[in-house]
Amino acid sequence: MRCASAFAPAAAVPAPRGRRAPSRAARAPARVSASSDSDDSPTERFTASMLQNVRQKVTGFETEMAISKLPTEEEKAAGRKPKKGDLVSILFSAQTEEGEVLQGMEDMEEALTFEVGGAAAMGNPLFLAFDAAVQGMVEGDQALVNASGGEYNPDLLFKVPMEHPEILRLQEELDQPGKGGLHPGATVALSNGNPAVIREMSDELGFVMIDANHPFAGSDLQFAVKLVGIEDNPDLEEEA
3 MRCASAFAPA AAVPAPRGRR APSRAARAPA RVSASSDSDD SPTERFTASM LQNVRQKVTG
63 FETEMAISKL PTEEEKAAGR KPKKGDLVSI LFSAQTEEGE VLQGMEDMEE ALTFEVGGAA
123 AMGNPLFLAF DAAVQGMVEG DQALVNASGG EYNPDLLFKV PMEHPEILRL QEELDQPGKG
183 GLHPGATVAL SNGNPAVIRE MSDELGFVMI DANHPFAGSD LQFAVKLVGI EDNPDLEEEA
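Our numbering puts the last residue of the sequence shown at 242; the count rises by one with no breaks.
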C-alpha cells in the first residue's frame with residue numbers, strides 16, 4: 003500500500019512486536035494448502051476489507067484470504083453438506099505464521115454457529131472465509147484459512163508531533179459523541195484516504211505513533227476450521 007504523507011517515517015522506531023520488516027529479498031505472503039503434493043483441493047482466494055468504519059469514514063485494510071479444504075474421509079463423503087440458509091457450527095484454532103498458537107479448538111467454550119451464505123452482511127473477511135470454507139464440507143471435515151496483510155513496511159510507521167495538523171484534525175474529528183476519541187488501538191482515516199492504527203500516544207512526550215501497515219502485515223494469521231454441525235434453519239422453516 004502506498005501512503006503519501008506530510009510527515010516523515012519513524013525510521014528509528016522498531017516494527018511492532020510479532021511483525022517482521024521485509025528483508026532485501028521480499029518474501030511472498032505464506033499460503034496454507036491442503037497438501038503439498040496434491041491438487042485435488044485447489045486454494046480459493048479473495049480479497050476483502052477489514053476494520054472498516056463508515057461512520058468514521060475508514061475504508062478498512064484490504065486483506066487477502068486463502069482457503070484450502072482438507073480431503074473428506076471416504077466413508078463420510080456421502081454425508082450431508084451445508085446449503086444456503088442452513089445453520090452450521092464450527093470450531094477453529096488460530097496461530098501466527100511463526101507457529102505461535104493464539105487459540106486452540108479446545109479453548110472454545112462452545113462452537114460458533116452461523117447461517118450459511120449470510121456472512122456477506124457482516125463485511126468481515128474472516129467470517130466470509132469461514133462461510134466459504136464450510137460449503138461442500140461434511141461434518142468432521144476441516145479447512146485451512148490464511149489471512150494476509152502482506153509485508154510489513156517500516157516506512158509506514160510514523161512518529162508524529164501532537165501539534166501536527168493531521169493529529170489536530172483527527173482529534174477534532176474523533177472528539178465527538180459515540181466516536182471514542184483518539185486513543186491507542188483506534189483505527190483512523192488519514193487525510194490521504196488510507197486507514198491507519200494509532201499504536202501509541204504520549205501527552206508527556208508530545209507524540210502519536212501512527213501505523214499505516216495492515217494489522218496482519220509481516221505475520222499472517224492461520225486458522226484451522228472444523229465443521230461440527232449442520233442443521234435446518236428454523237426461521238426459514240417458519241417462512242416456508
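Note that beta-carbon positions come from the ideal geometry of N, C-alpha and C, so glycine has one too.
Check: Would you report the Cα separation of D213 and P84, rounded to the nearest angstrom?
Finding: Here residue 213 refers to the residue found at position 211 when the sequence shown is read from its first residue. Here residue 84 refers to the residue found at position 82 when the sequence shown is read from its first residue. Cα to Cα, D213 sits roughly 40 Å from P84.
Item checked: Cβ separation of T65 and P167, assumed to be a contact under 8 Å, to the nearest whole Å -> Translated into positions along the sequence shown, residue 65 becomes position 63. Translated into positions along the sequence shown, residue 167 becomes position 165. Between P167 and T65 the Cβ distance is about 30 Å, and since that is not below 8 Å, they are no contact.
Next item on the list: Return the first residue and the last residue of the beta strand (DSSP E) that E117 is part of.
Entry: As a first step, residue 117 must be located in the sequence shown, where it is residue number 115. Here the beta strand (DSSP E) through E117 covers 114 to 117.
Next item on the list: Compare the C-alpha of L229 against each of K86, M67, Q137, E108 and name the closest.
Entry: Along the sequence shown, one-based indexing puts residue 229 at 227. Of the candidates K86, M67, Q137, E108, the one whose C-alpha sits nearest the C-alpha of L229 is Q137.
Check: Run through DSSP, which three-state label would Q173 get?
Finding: On the sequence shown, position 171 is the one that residue 173 refers to. Three-state result, Q173: helix.
Item checked: S89 in three-state terms, based on DSSP -> Taking the sequence shown and counting its residues from 1, one reaches residue 89 at position 87. Per the sequence shown, the amino acid found at residue 89 is Leu instead of Ser. In the structure shown, L89 sits in a strand (DSSP, three-state: E or B).
Notebook entry, point to check: Which value, in whole angstroms, describes the spacing of the CA atoms of G208 and E111?
Noted result: If you number the sequence shown from 1, residue 208 lands on position 206. If you number the sequence shown from 1, residue 111 lands on position 109. Rounded to the nearest angstrom, the two C-alpha atoms are 43 Å apart.
Notebook entry, point to check: Which two residues bound the contiguous alpha helix (DSSP H) that contains L130?
Noted result: By one-based count along the sequence shown, residue 130 stands at place 128. That run of the alpha helix (DSSP H) goes 127 to 136.
Notebook entry, point to check: So, G142 versus L238, is the Cβ gap smaller than 7 Å?
Noted result: Reading the sequence shown from its first residue, position 140 is the one you call residue 142. Reading the sequence shown from its first residue, position 236 is the one you call residue 238. No, the Cβ-Cβ distance between G142 and L238 is not below 7 Å.
Check: Taking Cβ to Cβ, would you say E162 is nearer than 7 Å to V210?
Finding: Against the sequence shown, residue 162 aligns to sequence position 160. Against the sequence shown, residue 210 aligns to sequence position 208. In the sequence as presented, Glu is not what sits at residue 162; that position holds Val. Contact flag set, yes.
Checklist line | Per-residue burial, P179 [other beta carbons within 10 Å of its own, 16 or more giving buried] | finding: Residue mapping note: residue 179 aligns to position 177 of the sequence shown, counting from 1. P179 comes out exposed.
Checklist line | Beta-carbon proximity check, L184 vs L172, cutoff 7 Å | finding: Residue mapping note: residue 184 aligns to position 182 of the sequence shown, counting from 1. Residue mapping note: residue 172 aligns to position 170 of the sequence shown, counting from 1. In contact: L184 and L172 (Cβ atoms closer than 7 Å).
Next item on the list: Tell me R47's beta-bridge partners as DSSP assigns them.
Entry: As a working note, residue 47 is residue 45 in the sequence shown. A68, per the DSSP bridge assignment.
Notebook entry, point to check: How would you label Q105, buried or exposed, when you count the other beta carbons within 10 angstroms and need 16 or more for buried?
Noted result: Here residue 105 refers to the residue found at position 103 when the sequence shown is read from its first residue. So Q105 counts as exposed.
Notebook entry, point to check: Which partner residues of D213 appear in the DSSP bridge assignment?
Noted result: In the sequence shown, the residue the question calls residue 213 occupies position 211. D213 is bridged to L159, V199.
Next item on the list: Enumerate in chain order the residues of its own chain whose CB-to-CB distance from E100 is below 7 Å, with the five nearest sequence positions on each side excluded.
Entry: For the purposes of this step, residue 100 is identified with residue 98 of the sequence shown, where counting begins at 1. Contacts found: S221.
Checklist line | Cβ neighbours of K78 in the same chain (closer than 8 Å, five flanking residues each side left out) | finding: By one-based count along the sequence shown, residue 78 stands at place 76. Cβ within range, chain order: V140, E141, G142, D143.
Checklist line | Which listed residue (L159, E153, L223, G231) has its alpha carbon closest to that of A131 | finding: Indexing the sequence shown from 1 puts residue 131 at position 129. Residue L223 is the option with its Cα nearest to A131.
Note to self: If you measure between the beta carbons of L114 and I92, is that distance less than 7 Å?
What the structure shows: As a working note, residue 114 is residue 112 in the sequence shown. As a working note, residue 92 is residue 90 in the sequence shown. In contact: L114 and I92 (Cβ atoms closer than 7 Å).
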